[in-house]
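No gaps in the numbering here: position 79 of the sequence shown is 79 in UniProt numbering, and each next residue is one more. Yeah, the Cβ is synthetic: ideal placement off N, Cα and C, and Gly gets one too. None of the values given here were measured: they were computed from a predicted structure.
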Amino acid sequence: MAQLTGLTFGGKNWIPQFVQAINQAKCIGCGRCFKVCGRNVLSLRAMNEEGEFVDNEEDDEIERKVMTIANQGNCVGCQACARICPKNCYTHAAYALA
């Protein structure tokens with residue numbers, strides 16, 4: 001099985017590492033990763049005290065907000081989100097070609 005690879009502008013091989021998961025227990029919802037991602041991969045969502053997502057963000061039951069992966073297929077594997085995350089919440093992996 002081969003890995004998906006790319007080239008840098010300088011012609012060097014590069015292996016993209018695509019977002020797989022966000023540790024929501026560690027996430028503080030700061031939004032830094034959202035701001036650095038230009039591919040619309042992430043979304044900030046509200047959670048209640050039980051750790052369930054709340055759709056109505058005006059709801060009084062909101063405990064906190066956390067980042068989620070909204071459009072994983074848009075990820076280009078740059079890992080900018082992980083590099084800017086102050087809590088090291090991200091897991092990334094290379095993509096294996098069948």
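Residue i burial status per 10 Å Cβ neighbour count (16 or more: buried)
i	result
Ala98	exposed
Ala21	exposed
Leu42	buried
Proximity below 8 angstroms, CB of residue i to CB of residue j
i	j	result
Ala70	Gln17	no
Cys89	Lys26	yes
Leu44	Gly29	yes
Arg32	Cys85	yes
Terminal residues of the beta strand (DSSP E) in which residue i lies
i	result
Ile22	Phe18 to Ile22
Asn48	Leu42 to Asn48
Per DSSP, the bridge partner or partners of residue i
i	result
Ile28	Looking at the DSSP assignment, Ile28 forms no beta bridge with any residue, so it has no partner.
Spatial neighbours of residue i in its chain, beta-carbon cut-off 8 angstroms, leaving aside the 5 residues before and after
i	result
Ala96	Met1, Ala2, Gln3 and Leu4
Arg39	Asn71, Asn74, Cys75 and Val76
Residue range of the unbroken alpha helix (DSSP H) whose run includes residue i
i	result
Gly93	Per the sequence shown, residue 93 should be read as Ala rather than Gly. Counting along the chain, Ala93 falls outside any alpha helix (DSSP H), though it belongs to the beta strand (DSSP E) covering Tyr90 to Ala93.
Arg83	Ala80 to Ile84
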